[in-house]
Each structure stands twice: as structure tokens, then as C-alpha cells.
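Take a look at the structure set out below.
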Amino acid sequence: MNVKIKSALISVFHKDGLDEIIRLLHQHDITIYSTGGTQAYIETLGIPVLRVEDLTGYPSILEGRVKTLHPKIFGGILAIREANYLEELAKFEIPVFDLVVVDLYPFEASWSQQANHQDMIEKIDIGGVSLIRAAAKNYQDVVVVPSKNEYPILKNILANQNAEASLEQRHGLAGAAFRITSSYDFLIGNYLTGKNQQFFQPAAFGVKQLRYGENPHQAASFYGNLEDSFEQISGKELSFNNLVDIDAAVTLMEEFYDDVPAFAIIKHTNTCGVAVRNTVNEAWDAALAGDPVSAFGGILISNAPIDMETALKIDQIFYEVLLAPSFEEGVEALLAKKANRILLRTKAIHASKQMFKNILNGIIVQDADFIQDERSVFSVKTNVSPTPNEIEDLNFAVKCVKHLKSNAIVLVKDRQLLGMGCGQTSRIDACRQAIDKAKHFGFDLNGAVMASDAFFPFPDCVELVHLEGINAVVQPGGSIKDQLSIDYCNENGMSMVFTGLRHFKH
Numbered sequence: 151m152n153v154k155i156k157s158a159l160i161s162v163f164h165k166d167g168l169d170e171i172i173r174l175l176h177q178h179d180i181t182i183y184s185t186g187g188t189q190a191y192i193e194t195l196g197i198p199v200l201r202v203e204d205l206t207g208y209p210s211i212l213e214g215r216v217k218t219l220h221p222k223i224f225g226g227i228l229a230i231r232e233a234n235y236l237e238e239l240a241k242f243e244i245p246v247f248d249l250v251v252v253d254l255y256p257f258e259a260s261w262s263q264q265a266n267h268q269d270m271i272e273k274i275d276i277g278g279v280s281l282i283r284a285a286a287k288n289y290q291d292v293v294v295v296p297s298k299n300e301y302p303i304l305k306n307i308l309a310n311q312n313a314e315a316s317l318e319q320r321h322g323l324a325g326a327a328f329r330i331t332s333s334y335d336f337l338i339g340n341y342l343t344g345k346n347q348q349f350f351q352p353a354a355f356g357v358k359q360l361r362y363g364e365n366p367h368q369a370a371s372f373y374g375n376l377e378d379s380f381e382q383i384s385g386k387e388l389s390f391n392n393l394v395d396i397d398a399a400v401t402l403m404e405e406f407y408d409d410v411p412a413f414a415i416i417k418h419t420n421t422c423g424v425a426v427r428n429t430v431n432e433a434w435d436a437a438l439a440g441d442p443v444s445a446f447g448g449i450l451i452s453n454a455p456i457d458m459e460t461a462l463k464i465d466q467i468f469y470e471v472l473l474a475p476s477f478e479e480g481v482e483a484l485l486a487k488k489a490n491r492i493l494l495r496t497k498a499i500h501a502s503k504q505m506f507k508n509i510l511n512g513i514i515v516q517d518a519d520f521i522q523d524e525r526s527v528f529s530v531k532t533n534v535s536p537t538p539n540e541i542e543d544l545n546f547a548v549k550c551v552k553h554l555k556s557n558a559i560v561l562v563k564d565r566q567l568l569g570m571g572c573g574q575t576s577r578i579d580a581c582r583q584a585i586d587k588a589k590h591f592g593f594d595l596n597g598a599v600m601a602s603d604a605f606f607p608f609p610d611c612v613e614l615v616h617l618e619g620i621n622a623v624v625q626p627g628g629s630i631k632d633q634l635s636i637d638y639c640n641e642n643g644m645s646m647v648f649t650g651l652r653h654f655k656h
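Those letters in the sequence shown? Residues 151 to 656, by the numbering used here.
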């Protein structure tokens with residue numbers, strides 16, 4: 151069931167790592183065919199190479215757009231090694247190819263570098279994709295190496311297996327080949343349609359096996375490149391739950407990246423402390439004060455560098471992960487002393503613009519909830535308008551409440567989360583929970599504001615917070631009983647703002 155490699159067709163864009171492959175092929179007296187830049191590179195190594203043009207009888211034409219698209223190439227790849235096929239190959243003087251090595255034009259890299267449209271079109275690889283697909287289809291008789299990432303497998307076949315590839319290896323490489331071409335076409339489709347849709351395509355990402363999933367009995371993997379988002383400085387391997395909480399933390403902090411120093415504490419994807427202050431040290435103190443109990447074992451995130459003064463305070467509590475754009479000299483060494491603490495230096499993190507969830511026998515997709523500043527849509531519905539300070543707090547409160555599980559209520563004062571209620575089956579229960587938490591941690595609610603992720607079906611929440619000294623409220627509106635809440639506010643000198651934007655989160 152092994153295939154002995156006797157001939158190879160090579161056409162690659164990136165030449166790094168190719169020299170070792172070429173020398174190993176030469177050591178096994180394997181006939182090498184190539185064209186264009188790859189052929190020229192092999193010749194610089196002093197290794198014999200046959201030109202594809204000499205085989206086909208046609209030169210590379212149309213400025214290199216057509217080089218390998220010819221029956222004498224694809225016949226030698228697609229032919230099953232059976233008598234009738236081999237007789238036909240002999241009739242037309244077509245050699246068989248046992249190995250096809252390709253590395254596609256870097257379409258994704260050109261896109262990320264914002265190349266002009268014509269350059270992007272020229273980076274759409276036609277011949278390379280066709281060679282990969284043909285070789286992968288005939289994996290029973292052909293070894294396909296669809297990218298430089300598979301070079302280690304080929305090196306092992308050449309160096310340790312006497313240039314004989316097993317069926318299992320050929321089958322695995324064929325699967326990798328079709329995943330790569332699928333991803334390649336997917337990226338091109340996104341570019342040409344301008345939609346940049348992000349349907350899950352495993353081929354488009356690296357895969358990282360996690361220790362386990364949400365619970366130890368559940369297997370889990372991460373598809374993507376974590377190094378694009380952050381650099382892990384210290385700590386244990388990130389777990390499934392760590393990644394879910396980190397995503398929640400990053401998404402929340404997106405609300406504050408252009409703001410003065412902000413600090414947030416996340417627990418089970420819910421915000422239990424967040425504040426904005428003039429210094430990161432003050433922001434940490436205020437965020438922790440919001441719920442110092444729930445901060446235990448939480449995820450900490452800042453939009454500002456961590457200085458030593460702040461680090462010394464953070465070092466006093468147990469936490470799972472700390473994310474920040476940078477750390478003052480000596481901070482990393484201090485916080486890395488405890489081996490299990492995960493320290494991450496964030497890069498240019500941008501949360502996904504679409505969200506996916508598998509349900510029933512399919513997947514639902516929606517745009518992410520990314521309206522970051524709602525002051526422009528604030529509509530005062532009461533006789534009394536909120537003060538400028540209350541407007542700032544109401545906007546801050548909306549940013550907080552949208553990241554909590556519904557039903558959700560938040561209480562805020564001076565851009566600090568004082569209390570939150572989330573994941574409740576009734577809005578009044580969420581309101582009671584927010585008040586209880588704030589009072590439990592000693593906050594004075596006089597002068598605070600309230601935000602709700604959805605409309606008030608009854609005025610009971612407004613009545614409840616008014617008794618605690620809260621006189622400014624923001625909500626989406628939209629209930630057939632909106633007027634009941636508005637009337638109560640007018641009767642009691644409260645202000646109420648509608649946004650017209652609901653923020654359910656399930």
C-alpha cells in the first residue's frame with residue numbers, strides 16, 4: 151500500500167525550507183519537474199530539474215498565468231496506476247507524477263497588506279489549486295504536499311521511510327489539501343463580495359487542543375491564532391473557560407479602548423467590577439470595590455499599562471488571568487512568581503463582528519452588538535432632563551449592562567459599577583439583586599443611575615430604585631406600558647432616557 155516516490159512536480163511561491171526537500175529528493179534519484187521561479191531556485195542549488203515547458207511543448211504564457219494547465223501535467227497526476235491508464239499515458243508520452251509539492255500565492259497576506267485590486271486578482275492562484283486538488287483526488291497513487299506547513303511530513307518520508315509514503319500519510323495529506331483549497335476559495339469569495347463573512351471554516355485556522363472543555367469530561371479545541379491577540383508572558387496553559395472569559399473581558403474593554411484608564415473584573419463572562427479613573431491604580435481600586443468577593447478567581451483586564459503600584463495591589467488577590475497592553479519594568483517578574491497566574495500582553499484585539507451559535511441541527515449567525523456610544527441616540531422622555539454628569543454615567547451604565555446576561559440591571563455612579571443583577575428570569579429580580587449587591591459592599595446609591603438591557607414592562611423597577619435615591623434611568627423603551635414608568639418619573643422628579651436599542655444577551 152506504500153507509494154514509492156520516483157518523480158516529483160514542484161511549484162511553490164515561498165522558497166523557505168525548500169532546499170532541504172530538494173536535496174533529499176536528489177539523494178533518492180527522484181526526477182524533479184518544475185517551472186518559473188521554482189525551477190530557477192532549484193537550478194541555483196545545482197540540482198538537475200526538468201522544465202515543465204519542455205514536457206508540454208508550450209512555454210509559460212499570458213505573463214505566467216498559464217504554466218502547468220496541460221494534459222501532460224494533469225494526466226500524469228490523475229492517472230490511476232492500472233494497465234489501461236498507464237497504456238494511455240505511454241501512448242501520449244505522459245510521465246507519471248508520484249509527488250506534487252505546492253505552496254499557493256499568498257492571497258491572504260496581500261489582503262492584509264491592503265494591496266490594490268489588480269494585485270489581489272493576480273494573487274488568485276489557479277494552477278496551484280488545480281494541482282493540489284488533482285493530486286489529492288488521486289491520493290491512492292500520489293503524495294500531495296499542499297503547503298510548506300506539510301514539509302516536515304515529506305521530510306520524514308524522504309529521510310526515514312526510503313521515500314515511501316504510506317496510505318495513511320497520503321490520505322491525511324489529501325484531507326489537508328482540500329481543507330487548504332477550501333479556505334483559499336473562502337478568502338477569495340470574501341474579498342470579491344466585500345462581505346468578509348466569517349462562517350466557521352476549520353481550514354482557515356490553526357487548531358489547538360485544549361486540556362478539556364467547560365467540564366473535565368468534555369473534549370475541546372480552539373481554532374485560531376491566539377498569538378494574534380496577545381502574548382502569554384507567564385502562567386499555565388489557557389483552558390476552555392479561560393478563553394471564554396477572556397473573550398468576554400476583551401469584548402467589554404473594546405468599549406473603553408479610547409477612554410482614560412479603565413479596569414474590569416470578569417467572572418463567568420459577567421462583569422462584576424468596572425471603573426474608569428484618571429490613573430490605572432485608581433481604576434483598579436474602584437473596579438475591585440464593586441465586588442471584591444466575586445473578583446476571587448476572576449479575569450482582570452485593563453486598557454492601560456500596569457504600573458508597580460497597581461501590581462502590588464493586584465498581587466494580593468487570587469486571579470486566573472490578567473490582560474493589559476504593557477507592564478512597567480519589574481511588574482512581570484512580580485506577578486509571574488506564582489506559577490499558575492496567567493499574564494497576557496494584549497495586542498491590537500478586535501472582537502469578531504459576527505457571532506455564531508450551533509442550535510438544533512444548524513447554526514445561527516448574527517452581527518455582534520457593537521454600538522459603543524449611545525449618547526447620540528439618547529431621547530429624554532421625562533419633564534426633567536439628566537444632568538451632564540448623569541449623562542456620562544448613563545452612557546457608562548449602558549456599556550456595562552449590554553455585557554451581562556439577561557435580564558440585567560446595573561447601578562452606576564461616577565463611572566463605577568456599584569451593583570449589578572444579571573441572568574434573572576424577571577427584571578424586578580435583577581433590580582433587587584443589583585441593589586442588594588451595592589448595599590452589601592457599602593455603596594451609597596444616592597445620585598447613582600440605573601440602566602436596563604431591555605424595556606420595563608411595569609414601573610416597579612423605577613419605583614424600587616427611586617426609594618434608594620436614584621433619580622436617572624436609561625432603558626431601550628418599547629413596552630406598551632412605557633408611559634407608566636414615564637409617569638412615575640415625572641411624579642417624582644426623575645429623569646428617564648430611551649435609547650431605542652435593546653441589549654439582550656443569552
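Even glycine gets a Cβ: it sits at the ideal position worked out from N, Cα and C.
All figures in this text were calculated on a predicted structure; none of them were measured in a lab.
Beta-bridge analysis with DSSP links Phe-477 to Ile-456. Distances from the CA of Ala-580 to each of Thr-331, Tyr-341, Asp-610 were compared; the closest alpha carbon is that of Asp-610. DSSP places Met-644 in the coil class of the three-state scheme, outside both helix and strand.
Short of 7 angstroms from the beta carbon of Ala-518, and not among the five residues preceding or following it, lie these beta carbons of its own chain, in chain order: Ala-501, Ser-502, Lys-503, Gln-504, Met-505. The region 444 to 451 makes no contact with the region 588 to 607; the number of CB pairs closer than 8 angstroms stays below 3. In the displayed model, Lys-507 falls within a strand according to three-state DSSP. Scanning the region 218 to 282 from its first residue to its last, the whole alpha helix (DSSP H) runs of 4-plus residues come out as 221 to 228, 233 to 241, 257 to 262, 267 to 272.
Note that the C-beta distance between Leu-567 and Cys-550 is below 8 angstroms.
Secondary structure of Gly-339 (DSSP, three-state): helix.
Counting only the Cα atoms, Glu-238 lies some 33 angstroms from Ile-274. The C-alpha of Ile-227 lies about 59 angstroms from the C-alpha of Gly-480. Bounds of the alpha helix (DSSP H) holding Val-430 are 430 to 439.
Between the region 523 to 533 and the region 630 to 648, the count of Cβ pairs shorter than 8 angstroms is three or higher; the stretches touch. The alpha-carbon separation between Ala-158 and Thr-331 amounts to approximately 20 angstroms. Shown here for Val-430: same chain residues with a beta carbon closer than 8 angstroms to its own, the five before and five after excluded, namely Pro-411, Phe-413, Ser-452, Ala-454, Pro-455, Ile-456, Asp-457, Thr-460 in chain order.
Excluding the 5 residues flanking it on each side, Val-279 has same chain C-beta neighbours closer than 6 angstroms at Thr-331, in chain order. If you check the CB distance, Ala-622 and Ser-645 come in under 8 angstroms. When the alpha-carbon of Asp-441 is set against those of Lys-386, Asn-428, Asn-420, the nearest one is in Asn-420. With contacts defined as CB atoms closer than 8 angstroms, Ser-389 and Arg-361 qualify as a contacting pair. Taking 8 angstroms as the cut-off, the beta carbon of Ile-282 is found closer than this to the beta carbon of Val-294. Residue pairing for Glu-314: DSSP places it in a beta bridge opposite Lys-154.
Between Ser-576 and Asn-557, the gap from beta carbon to beta carbon is short of 8 angstroms. DSSP places Asn-557 in the coil class of the three-state scheme, outside both helix and strand. With respect to the 8 angstroms criterion, Val-162 and Asp-291 are not classified as neighbours on the basis of their beta carbons.
For Val-295, the uninterrupted beta strand (DSSP E) segment begins and ends at 293 to 295. Under the three-state reduction of DSSP, Gly-650 is assigned to coil, being neither helix nor strand. Per DSSP, the unbroken alpha helix (DSSP H) holding Cys-550 starts and ends at 538 to 551.
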